[in-house]
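Number of protein chains: 2
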Amino acid sequence: EDVVVRGVAVDKNQVKVAISDLPDQPGTAARVFQNLADADVNVDMIVQNIGRGGVANLTFTVSIDDAYRAERAVGSVIEQFGSGTVSISDRIAKVSVVGVGMRSHSGVAASLFTALAETGINIQLISTSEIKISVAIDVARADDAARVAHDAFNLGASEAT
Amino acid sequence: EDVVVRGVAVDKNQVKVAISDLPDQPGTAARVFQNLADADVNVDMIVQNIGRGGVANLTFTVSIDDAYRAERAVGSVIEQFGSGTVSISDRIAKVSVVGVGMRSHSGVAASLFTALAETGINIQLISTSEIKISVAIDVARADDAARVAHDAFNLGASEAT
Ligand SMILES: C[C@@H](O)[C@H](N)C(=O)O
Ligand SMILES: C[C@@H](O)[C@H](N)C(=O)O
Chain A
11 EDVVVRGVAV DKNQVKVAIS DLPDQPGTAA RVFQNLADAD VNVDMIVQNI
61 GRGGVANLTF TVSIDDAYRA ERAVGSVIEQ FGSGTVSISD RIAKVSVVGV
111 GMRSHSGVAA SLFTALAETG INIQLISTSE IKISVAIDVA RADDAARVAH
161 DAFNLGASEA T
Chain B
11 EDVVVRGVAV DKNQVKVAIS DLPDQPGTAA RVFQNLADAD VNVDMIVQNI
61 GRGGVANLTF TVSIDDAYRA ERAVGSVIEQ FGSGTVSISD RIAKVSVVGV
111 GMRSHSGVAA SLFTALAETG INIQLISTSE IKISVAIDVA RADDAARVAH
161 DAFNLGASEA T
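Here the protein sequences come in this chain order: A and B. Number 54 in our numbering belongs to position 44 of the first sequence; there are no gaps in the numbering. Number 133 in our numbering belongs to position 123 of the second sequence; there are no gaps in the numbering.
As structure tokens, this is what we get:
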């Protein structure tokens, strides 16, 4: 399947909610997201890597408007677990390369990551699907990131929000 | 935007490639994926959470056919970093709920995660986009996962590969 990169999207209005030391057993992720759903919090990226030592780190992003409610919703559920801490980051930018056929192509990831690295932007989170590679970066670098990503894929102007 | 869950997809032929202690600075992710691209390795999920203490953990999934080449490609680049270890997991199943409008809905994540938890399936990786929530789980539970995910969203038969 051929890769077609269609555009770059930038959202400058998000923060990370990072949960560390979540008990790595069936049910913990479910309860976190049920609490968030009950609190009407809209979640964008969800990134969880494999657990070690019986605990896992789970990070998700929300719009700034939802940050306070997200932290409270997570805080109350992890209290019941007896393990876990939640923290809200400074504002981040979510930068996404959108296309088709990207799933099988390490080359698209390599191109995006290289473009960011060459301008000194550190990648904080990575999440991918067949149609989108998303990274979270420092919001202060959002415009640079959009520019170098567009150049990397020979695209026109980006839509920043 | 209304959520419409269209289906569940299951891939039973993947493994996780987990890189721990990757130097958390611009360029490390780029070099890893450039090496993978050069080795013609197709990558599916990429999950990287925020770094702590100057290092980060990055995990991606590949088809079983690509596992050996993936490990060698990653091994050679992390040698140059002087930090980082790579390991290949046992076979995992990637279970995805596919739909539209899912990005803003913690409820869809909650429903999937709850369905898995209620049958005792542990979630190892999570990666999301507007059209897909994907988790990596033990391959031995793949059929159970497909079944409970279908029930959770009132869907028909799944396509398992
Ligand atoms: C950490 C969390 O994802 C846990 N493994 C669960 O299945 O809920
Ligand atoms: C860990 C890795 O993602 C690093 N932060 C980078 O930007 O390449």
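Ideal placement from N, C-alpha and C gives every residue a C-beta, glycine not left out. Note that the structure is predicted; figures quoted are calculated from it, not measured.
Item: Neighbourhood of ligand 1 [Cβ distance below 5 Å to any heavy atom], ordered by chain position; Value: A:L32, A:D34, A:P36, A:T38, A:A39, A:A66, B:N132 and B:I133
Item: The segment 129-137 of chain B in contact with the segment 49-67 of chain A per 3-pair CB rule at 8 Å; Value: yes
Item: heavy atom of ligand 2 below 7 Å from G61 (chain B) C-beta; Value: yes
Item: Residue-level contact to chain A via CB, K142 (chain B), 8 Å cutoff; Value: yes
Item: Under 7 Å from the C-beta of F123 (chain B): neighbouring residues of chain A; Value: A39, A40 and F43
Item: Cα-Cα separation, I56 (chain A) to N45 (chain A); Value: 15 Å
Item: Cβ-based contacts, 9 Å cut-off: residues of the segment 130-154 of chain B near chain A; Value: G130, I131, N132, I133, Q134, L135, I136, S137, T138, S139, E140, I141, K142, I143, S144, V145 and A146
Item: The segment 46-65 of chain B: positions lying closer than 7 Å to chain A by Cβ; Value: L46, A47, V51, N52, V53, D54, M55, I56, V57, Q58, N59 and I60
Item: Inter-residue spacing [alpha-carbon to alpha-carbon] between H160 (chain B) and V18 (chain B); Value: 7 Å
Item: Proximity of V105 (chain B) and V20 (chain B) at Cβ, strictly below 8 Å; Value: yes
Item: Within 8 Å, strictly: CB atoms of F43 (chain B) and A125 (chain A); Value: no
Item: Closer than 7 Å: F70 (chain B) CB and nearest ligand 4 heavy atom; Value: Judged by which ligands are present, ligand 4 is missing from the structure shown, whose ligands are ligand 1 and ligand 2.
Item: Check: V80 (chain B) C-beta below 7 Å from any heavy atom of ligand 2; Value: The sequence given here places Ala at residue 80 (chain B); Val does not occur at that position. No; taking the cut-off as 7 Å, the Cβ of A80 (chain B) has no heavy atom of ligand 2 nearer than that.
Item: Three-way DSSP call (helix, strand, coil) for L165 (chain A) in this model; Value: coil
Item: A2 (chain A): CB within 7 Å of a non-hydrogen atom of ligand 2; Value: Since the displayed chain A opens at 11 and closes at 171, residue 2 (chain A) lies outside it and no answer follows.
Item: Partner residues on chain A for K104 (chain B), Cβ-Cβ distance less than 8 Å; Value: Chain A residues near K104 (chain B): none, gap ~11 Å exceeds 8 Å.
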